[in-house]
Amino acid sequence: MILADLGTVIFWLEILGVAVFAASAALTAARKQMDLGGFALIATVTGIGGGTVRDLLTGAAPVFWIAQPVYPLVCIGTAVILFFAAPLFESRYKALVWADAAGLALFCATGAEAALKAGTPAIAAIIMGVISATFGGIVRDVLSGEIPLILRKEIYATAAAAGATLYTVLRIHGADLLPATIAAFALCFVIRSFSIAYGVSLPVYDKRPARDYPDRPAN
Amino acid sequence: MILADLGTVIFWLEILGVAVFAASAALTAARKQMDLGGFALIATVTGIGGGTVRDLLTGAAPVFWIAQPVYPLVCIGTAVILFFAAPLFESRYKALVWADAAGLALFCATGAEAALKAGTPAIAAIIMGVISATFGGIVRDVLSGEIPLILRKEIYATAAAAGATLYTVLRIHGADLLPATIAAFALCFVIRSFSIAYGVSLPVYDKRPARDYPDRPAN
Amino acid sequence: MILADLGTVIFWLEILGVAVFAASAALTAARKQMDLGGFALIATVTGIGGGTVRDLLTGAAPVFWIAQPVYPLVCIGTAVILFFAAPLFESRYKALVWADAAGLALFCATGAEAALKAGTPAIAAIIMGVISATFGGIVRDVLSGEIPLILRKEIYATAAAAGATLYTVLRIHGADLLPATIAAFALCFVIRSFSIAYGVSLPVYDKRPARDYPDRPAN
Chain W
1423 MILADLGTVI FWLEILGVAV FAASAALTAA RKQMDLGGFA LIATVTGIGG GTVRDLLTGA
1483 APVFWIAQPV YPLVCIGTAV ILFFAAPLFE SRYKALVWAD AAGLALFCAT GAEAALKAGT
1543 PAIAAIIMGV ISATFGGIVR DVLSGEIPLI LRKEIYATAA AAGATLYTVL RIHGADLLPA
1603 TIAAFALCFV IRSFSIAYGV SLPVYDKRPA RDYPDRPAN
Chain V
1423 MILADLGTVI FWLEILGVAV FAASAALTAA RKQMDLGGFA LIATVTGIGG GTVRDLLTGA
1483 APVFWIAQPV YPLVCIGTAV ILFFAAPLFE SRYKALVWAD AAGLALFCAT GAEAALKAGT
1543 PAIAAIIMGV ISATFGGIVR DVLSGEIPLI LRKEIYATAA AAGATLYTVL RIHGADLLPA
1603 TIAAFALCFV IRSFSIAYGV SLPVYDKRPA RDYPDRPAN
Chain U
1423 MILADLGTVI FWLEILGVAV FAASAALTAA RKQMDLGGFA LIATVTGIGG GTVRDLLTGA
1483 APVFWIAQPV YPLVCIGTAV ILFFAAPLFE SRYKALVWAD AAGLALFCAT GAEAALKAGT
1543 PAIAAIIMGV ISATFGGIVR DVLSGEIPLI LRKEIYATAA AAGATLYTVL RIHGADLLPA
1603 TIAAFALCFV IRSFSIAYGV SLPVYDKRPA RDYPDRPAN
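Those sequence lines, one after another, are chains W, V and U.
Residue numbers for the first sequence follow my numbering, so the first one is 1423 and each next one is one higher.
Residue numbers for the second sequence follow my numbering, so the first one is 1423 and each next one is one higher.
Residue numbers for the third sequence follow my numbering, so the first one is 1423 and each next one is one higher.
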């Protein structure tokens, strides 16, 4: 029964993470004025992308959403709703950044959990958490020609790494799934929120900007 | 014998789809003035990319072309031919858009078929059809720095979704592979062609364009 | 014992290839002024990306670094070192191009070896070598918004193809792993170096540049 409960909790956490990433993608699609098919495609790839990569890397193919089409259906439903509701947002860009932050904070925990369940070492679990959390957003930004959020000044990959590390440490030391998830979510989301809200960034490498390519091909 | 026939039909449909996607990639390489190695690499990744992702997602690795190198050889051969023949096209961009349309229409059917054969639910088969059909072109456009076709105004993902849906519905209701493929190909290709030829697009989300990033990193 | 030796040689070759690709990515991160988390993420994805794709395509998931976290740790360590050491380079761009060349030359051999060991035909082994060698750099450039090296004028994919072909031919004709790797590394690296140093390129398709999109979407 406790197992059933845990399964239910994981299921709803995943659904929530998938939905917020799908929403962030639909808001990107709105910015790019795509049609409904474009909304649905980019929302689906973004929403289930992180979990798909996680399943591929851990050897868990066929990937999760093939037997459970509820996940892509949630993405498509989210896309349809936002196709009509997006004009209600005063700033679609702000809304998408916050939806992305929620997905990031959820997936750094669920990604690490999947790796730990597959019996990986702690360091691999942390990396899997970071990859699961960031992959959907990367694909969304690359597909839509936006500057990837990981390239912007605020703390992004570092927040996911903090959440995934906390989650893994807590779980290895015997914490239950739900409190560990809440703690990791909170840590990642607070770091990311603080950075978004106040424009806080970690020290970056250097103030010398990249020079352009010396002989950029003509295109 | 009927099985052998079906296998042969699927084989030639796949070869055809792979070749037209490889051709679309080679025409992109021509636009970007790549050398012969660049032509071959981008044609191969584009031609076999959709089927590779399909195999990975359904857990059918090692992927199809590892045991059947005829597929990458078709891509490389297409690249070599177009390296010399591309100047014959009056508009390389138009030729690549039409080659892409043919590949899209073929792969939305063959992708859905692969998923159905793996025993997936209908909705997962439709999504797999769309992903198989669009992935090669997305990779081609991302690698070559072109604006992805799914971002342009004409109907693209929606055409693939229509074809994959029709294919899945027909097959679930007992249609044979070949007529279902022809019907799905026709539906997807007609929608896409109409949109290309007349610049027809679905209603897009909104006329308000994306604002630029407020604090774009200097690069 | 000879097997153990071979295993050790392969291990260190892989570590070396992973480290130089991670270094090329960290130098890209420096150009883009990322923070330490960004350095670590892009170095890890670039360093282990080629081998990850190779494992996925050959059906060897869970991928190599999940049980051997030394690989991502090498990437993260390289990223941390270069976060502080990158200002020492007179030209970070030149350093990254040369690190990329070393990784390319190593991975065209180790990628082909992995495919041959999995029992693939020669042509598939060559293609796998090229994909392993080029994938990490492609991901690095796409993630960081740089123009992919395969799109620049110098010989790139062609050098990897030459190295992978030589490696496969030598191994099929009975050469041992180490001499075959050295020969393939040397061929690929010399071709690439010559092209970088002297700006030598293969004849490209045509002098007519790509026209712009006729109706570029407003973004």
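Positions of the beta carbon are idealized from the N, C-alpha and C atoms, including for glycine.
On a predicted model such as this, the values are computed, not experimentally measured, just so you know.
Judged by DSSP in its simplified three-state form, G1621/U adopts coil rather than helix or strand.
The alpha carbon of E1568/W has as its nearest neighbour, out of A1579/W, K1454/W, G1558/W and G1473/W, the alpha carbon of K1454/W.
The three-state secondary structure of Y1578/V, taken from DSSP, is coil. Under the Cβ distance rule, M1550/V does not count among the residues neighbouring chain U, no pair being separated by less than 8 angstroms. When secondary structure is reduced to three states using DSSP, G1567/U falls in the coil class, being assigned neither helix nor strand. Rounded to the nearest whole angstrom, the CA to CA distance from A1602/W to A1531/W is 8 angstroms. Taken in chain order, the members of the region 1483-1501 of chain U whose beta-carbon sits within less than 8 angstroms of a beta-carbon on chain W are A1483, P1484, V1485, W1487, I1488, A1489, P1491, P1494 and L1495. Contact between G1472/U and A1555/U is confirmed by a C-beta separation of about 6 angstroms, below the 8 angstroms threshold. Chain W has a Cβ within less than 8 angstroms of the Cβ of V1564/U. Legend: CB atoms of the region 1460-1472 of chain V lying less than 8 angstroms from CB atoms of chain U belong to residues G1460, F1461, A1462, L1463, I1464, T1466 and V1467. Per DSSP, K1539/W is one residue of the alpha helix (DSSP H) stretching across R1514 to K1539. Linking G1596/U to C1497/V through their CA atoms gives a straight-line distance of about 29 angstroms. By the criterion of at least three beta-carbon pairs nearer than 8 angstroms, the region 1609-1617 of chain V is not in contact with the region 1484-1499 of chain W. Residue range L1458 to L1479 is occupied by the alpha helix (DSSP H) that includes D1477/V. Apart from sequence neighbours up to five positions away, the residues of its chain that approach V1519/U with a beta-carbon distance below 7 angstroms are I1618, ordered along the chain. Taking each of A1445/V, A1452/V, A1451/V and A1606/V in turn and checking the Cα distance to A1534/V, the smallest one comes out for A1606/V. DSSP places T1542/V in the coil class of the three-state scheme, outside both helix and strand.
For A1540/U, at least one C-beta of chain V is nearer than 8 angstroms to its own C-beta.
Closer than 8 angstroms to the CB of D1427/V there is not a single CB belonging to chain U.
In the structure shown, D1598/U adopts coil according to DSSP, grouped into three states.
Shown here, V1591/U sits in a helix according to DSSP, grouped into three states. Take the alpha-carbon of G1558/U and the one of A1582/V: they are about 30 angstroms apart. At a cut-off of 8 angstroms between beta-carbon atoms, T1474/W makes contact with chain V. Taking a beta-carbon distance threshold of 8 angstroms, P1570/V counts as an interface residue toward chain W. Between the alpha carbons of A1579/U and V1431/W lies a distance of about 47 angstroms.
In the three-state reduction of the DSSP assignment, A1501/V falls in the helix class.
By the C-beta criterion, the region 1454-1466 of chain W is judged not to be in contact with the region 1456-1469 of chain U, since fewer than 3 inter-stretch pairs fall below 8 angstroms.
Between the alpha carbons of R1514/U and A1524/V lies a distance of about 44 angstroms.
In this model, A1517/U and V1440/U are separated by some 16 angstroms (Cα to Cα).
One thing to note: V1564/U has its Cβ no nearer than 8 angstroms to the Cβ of V1591/V.
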